[in-house]
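Residue numbers (the working numbering), protein chains in the order written: chain R, 930 to 1220; chain H, 53 to 628. Where a beta carbon is used, it is the ideal one built from N, C-alpha and C, also for glycine. In this text, all values refer to a predicted model and were calculated from it rather than measured experimentally. To start, the structure itself, in structure tokens.
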Amino acid sequence: MRPLELFKGSFGSEPQPLPPYETLILQSRRALSPLLTGEHDTPLAGEGLEFLEIDDYTPGDDVRRINWRASARSAHPVVNRFARRRRLEVWLVYLAGGGMLCGDPISKHRVASTLLVALSDAAHRMGDTPRVLLYRKGAESFLADASRYAPRRLYEQLSTLVLEGHHAPIQGAVEWLQNRLRRRSLIVLVGDFFEPMDLSPLAARHELLALQVRTPEEIDPVDSGLYRDPASRRESRLALDPLRRQRYKKALQNLDRDNRVHLDSLGIPQGRFLTDEDPFPALAALLGARR
Amino acid sequence: MSLSLLNGNWPVGFTYPWVLLLWLLYPLCLRFCRRQETVRNFGNLAMLKNSAGRRIDPVPWLGGLALLLILTSLAGPYGIRSVQKSVIQGREIALLLDASNSMSDEKRFDEARKILADFIRSRKSDRLALEVFGDRAALASAATADHEALLRLLDALRPGVVGGRETALYEALFRTPELFEKEYRGPKVAILLTDGIDTAGSVPLKAALLRLHRHGVRVYAIGIGEDYRTETLRRVAEETGGRFFAATRPKDLKEIYHRIDTLERSPLQSRRQLVHLPLQRYTLFGAAFALLLLLWFERNAPKGRWILLLSFLSIGASLATAPAPRGDETPPSKAALMILLDLSRSMHSHDLPPDRLHWSIERLKRLLQKLPSAPIGLLGFSGESYLIAPPSANRETLEWTLDHLPLDQRLAPGSDPLEAIRSGIEMLGPWSRRNLLLISDGGNAPLLRSALPLLHESNTTLFAYPAATPRGAPVPAEGGGYLQDASGAVVISRLNPSIIELARQSGGFAPSDPTDVGAFERLASSLGQALKSAAHPERNASELAENFLAPWRALGLAAAFLLLAALFRFPVKEMR
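Given below as structure tokens:
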């Protein structure tokens, strides 16, 4: 024991190391390849302009696609379907706040990084050039790499990204994207979404995908003790009895419900990824459903 | 260094205030030290805090409080209480009591003593001196504010205590000015109580009156019975500015004392005296309680039991090494010491410089400075015993008495330590732990066989300081030359080793050689131990500073434990 350690300065939390790049890519391709091979259209491509067919309206269809004339003739609502051919600009947006450091033994940052690298790799393999925004308030990083090494560079960026002490409010990212995006794009948002969100300004012009990353403890905290917010670096000693836990869970459920209703109203697909689960099956399911 | 906050009306002070500065390390450590406790990173802390309710984290506050209380204890806190002390500023009154045999008629002496006791009790703010006279005038007690001691002394007096055949009335008046302290500047009042006329003739009345007049002593003369000379007592009273009262019946005395009490009412010149009371134990108990609360909140922390143990060891070490604070609630002293000082002729021998008696007095003064505050009395003896000062914690009075010992007085011939031991034991009656210090050449009597059972029966410990050398010296005679025996040979007075043997067998200590400095220190140490439980509740700040555990010792001990506890508490910060 070294007594002088007593007086060392406090240290910040470093992101937990990501799995080796090759391992990550291998796992990613194994999970997502069935979606990317054969005659399938790209799951990341947007809806095209070429008319394909008229189909019965199903709840969730964009009301702007309703073919009113045909609906009047057939006496039930029908919608126009278009071929998914048009290539959209793909944006991977990571809300890289300090809160993403949470999770033991696997952090939310590690899961989010896995998702981002996998999506980047998938996009490159389909011939797209995804743009990446690592959003931290006041310290945004924008990557636009068309080379085949782009996923590796993203991996390296994520490996050394400092999250401690940074906030990443979702509305800040929305504003940033609104000011910069000119072309219709597909925006994949990755974050923990612990705040009310309003994505309608983006959803009016762009297609969105929301990937929510959480730890099980954040959903159901169990222990009393010293808690710390890595974004503000503030600590609080909390005594969590069943009543307080219930109160927290209720508040979180209300927030998630409001966000889910909001995303559903905008037709934004959403997926939840827990740190104690393998993210690839959930990602494959989300992308497969979108095709 | 001592810091008292009294100037700002704060009733506390610190013996070592610099220790409190160490507390500043605590906020620094809170900021910079690592903790072993697991800190959970939580992304949604704001919502969790809102759900958990707003609560102040008590742990750092309790830790700070516990540390502050421990450091406060080490800083030597003492309370400063201002108490009303009017005794010192009151008057000095000399009581001259006729103790000749005639006072035993019609129980005059008992009645006088009883009413005198009431008078003493009613003069709470005065310093009272007592002189008794019979064949000669003898100082019974120098001016003292310790009225309880004076009452005990009065209770021990009997008619004839200083020879009862004669009445040395004028000698008593002549010696009255000596009863007042030299520094005393207030009105000097003497109350003379007698039932006879001066028969000793040792001092002329005129000389006595002249001396009283010169020293401004006002005499209230009370004649008891019918044998006294009214004119003489009236003259004494009037020439000194006092009054004469005739008490034909004992019950008149009460009224007379009441009138004197009214005439000589002391202006209550009370003075605020500051009493210092140690508060260390209270702050340590506070620290222990704060630590207990802290550990309750930290009960889930790793190695919490070790922290608990080490923290309490730290408190325990401080408690064990700290002196017990003594306040007014401290029970009164159980131990007392009576000094038996040999005043016989042989104490004028010159084998110790300048002679045995002055050597003894000088050593006694040094010894008094080394002893803790406890009731100490002084009894002189030769062939008879004379109580010079009753046991009292008032050290000033005793030192004054030693400076004013009536060395030129005619004392009964011979030296009887056994009688002195018996009287000493009697005077220490109220105390459960009796100690005698015999300062004598030992006389010639074989003491051991007769005195040892006496000491054992009364549960008294005898200490002895031999005031003679084994080689001895001739005894100066009163009229010049040296004492000679019947055959004309010069008498050589030597140390009687039986007093040393007696002291040792009674459980006390006696140096073999009076000139051995180391042995003298051991005697002081042994006496100090014997009187240890008798420490006086009122101590000043410097005494507290001496008695408080030096903070660097306790601090080292406590800090060692706390550092160990801190190493358990702060080595690694675990992040999740």
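So which residues on chain R does residue i lean against when the C-beta distance must stay under 7 angstroms?
i, result
"leucine 100 of chain H", "Pro1150, Tyr1156, Leu1167 and Tyr1177"
"asparagine 93 of chain H", "Ser942, Leu1030, Cys1031, Arg1157 and Pro1159"
"valine 111 of chain H", "Arg1166"
How long is the line joining the alpha carbons of residue i and residue j, rounded to whole angstroms?
i, j, result
"valine 241 of chain H", "glutamate 144 of chain H", "7 angstroms"
"serine 1153 of chain R", "leucine 347 of chain H", "15 angstroms"
"valine 569 of chain H", "alanine 582 of chain H", "20 angstroms"
"leucine 1236 of chain R", "leucine 947 of chain R", "The requested residue 1236 of chain R is not part of the displayed model; chain R covers only 930 to 1220."
"isoleucine 1099 of chain R", "leucine 1024 of chain R", "7 angstroms"
"glycine 253 of chain H", "tyrosine 222 of chain H", "8 angstroms"
"leucine 261 of chain H", "isoleucine 276 of chain H", "21 angstroms"
"leucine 514 of chain H", "histidine 310 of chain H", "43 angstroms"
"leucine 504 of chain H", "alanine 562 of chain H", "15 angstroms"
"aspartate 1170 of chain R", "isoleucine 1116 of chain R", "40 angstroms"
"leucine 77 of chain H", "phenylalanine 84 of chain H", "10 angstroms"
"serine 193 of chain H", "alanine 259 of chain H", "24 angstroms"
"leucine 1181 of chain R", "glycine 1027 of chain R", "19 angstroms"
"aspartate 1207 of chain R", "arginine 1201 of chain R", "11 angstroms"
"glutamine 1175 of chain R", "glutamate 1124 of chain R", "19 angstroms"
"alanine 201 of chain H", "alanine 538 of chain H", "44 angstroms"
"leucine 961 of chain R", "glycine 1120 of chain R", "21 angstroms"
"threonine 67 of chain H", "leucine 73 of chain H", "14 angstroms"
"leucine 395 of chain H", "isoleucine 473 of chain H", "14 angstroms"
"arginine 591 of chain H", "leucine 1167 of chain R", "Because the pLDDT of arginine 591 of chain H is 44, which lies under 50, any placement of that residue in the model is unreliable, and the question is left without a value."
"leucine 1063 of chain R", "threonine 1043 of chain R", "14 angstroms"
"leucine 1090 of chain R", "tyrosine 1084 of chain R", "10 angstroms"
"lysine 417 of chain H", "methionine 390 of chain H", "14 angstroms"
"glycine 65 of chain H", "tryptophan 452 of chain H", "32 angstroms"
"glutamate 1136 of chain R", "serine 1114 of chain R", "6 angstroms"
"leucine 1045 of chain R", "histidine 1038 of chain R", "10 angstroms"
"glutamate 1093 of chain R", "isoleucine 995 of chain R", "48 angstroms"
"isoleucine 552 of chain H", "serine 412 of chain H", "16 angstroms"
With DSSP as the reference, label residue i as helix, strand or coil.
i, result
"aspartate 985 of chain R", "strand"
"threonine 196 of chain H", "strand"
"arginine 1010 of chain R", "strand"
"leucine 147 of chain H", "strand"
"phenylalanine 433 of chain H", "strand"
"aspartate 1057 of chain R", "coil"
"phenylalanine 84 of chain H", "helix"
"alanine 519 of chain H", "coil"
"tryptophan 348 of chain H", "helix"
"alanine 445 of chain H", "coil"
"threonine 246 of chain H", "strand"
"serine 1003 of chain R", "helix"
"leucine 1203 of chain R", "strand"
If the criterion is Cβ atoms closer than 8 angstroms, does the pair residue i and residue j meet it?
i, j, result
"aspartate 1158 of chain R", "phenylalanine 94 of chain H", "yes"
"valine 527 of chain H", "serine 550 of chain H", "no"
"serine 492 of chain H", "alanine 525 of chain H", "no"
"leucine 48 of chain H", "leucine 182 of chain H", "This structure cannot settle anything about residue 48 of chain H, because the visible part of chain H is limited to 53 through 628."
"arginine 1081 of chain R", "tyrosine 950 of chain R", "yes"
"alanine 388 of chain H", "asparagine 511 of chain H", "no"
"proline 469 of chain H", "glycine 435 of chain H", "no"
"valine 327 of chain H", "leucine 1155 of chain R", "no"
"leucine 345 of chain H", "serine 125 of chain H", "no"
"tyrosine 280 of chain H", "glycine 238 of chain H", "no"
Please list the partners that residue i has in chain H, where partner means a Cβ-to-Cβ separation under 8 angstroms.
i, result
"alanine 1180 of chain R", "Met99, Asn102 and Ser103"
"glutamate 1147 of chain R", "Phe94, Gly95 and Asn96"
Give the residues of chain R in contact with residue i, contact being defined as C-beta atoms less than 9 angstroms apart.
i, result
"threonine 90 of chain H", "Asp1152, Gly1154 and Leu1155"
Which residues of chain H have a Cβ atom closer than 9 angstroms to the Cβ of residue i, listed in chain order?
i, result
"aspartate 1121 of chain R", "Gly95 and Asn96"
"glutamate 1206 of chain R", "By Cβ distance, chain H contributes nothing, its closest Cβ being about 17 angstroms from glutamate 1206 of chain R, past 9 angstroms."
Any heavy atom of the ligand FAD closer than 7 angstroms to the CB of residue i?
i, result
"arginine 1163 of chain R", "You won't find the ligand FAD in this model; it holds no ligand whatsoever."
Meets three-Cβ-pair contact criterion under 8 angstroms: the region 476 to 488 of chain H and the region 223 to 234 of chain H
no
With three or more beta-carbon pairs closer than 8 angstroms as the criterion, would you say the region 1123 to 1143 of chain R touches the region 1099 to 1115 of chain R?
yes
Between the region 107 to 124 of chain H and the region 1184 to 1202 of chain R, do at least 3 Cβ pairs fall closer than 8 angstroms?
no
Three Cβ pairs or more, each shorter than 8 angstroms: is that satisfied between the region 175 to 191 of chain H and the region 281 to 290 of chain H?
no
Would you check if the region 434 to 443 of chain H and the region 202 to 212 of chain H touch, i.e. whether three or more CB-CB distances between them fall below 8 angstroms?
yes
Cβ contact (3+ pairs, closer than 8 angstroms) linking the region 164 to 174 of chain H and the region 419 to 433 of chain H
no
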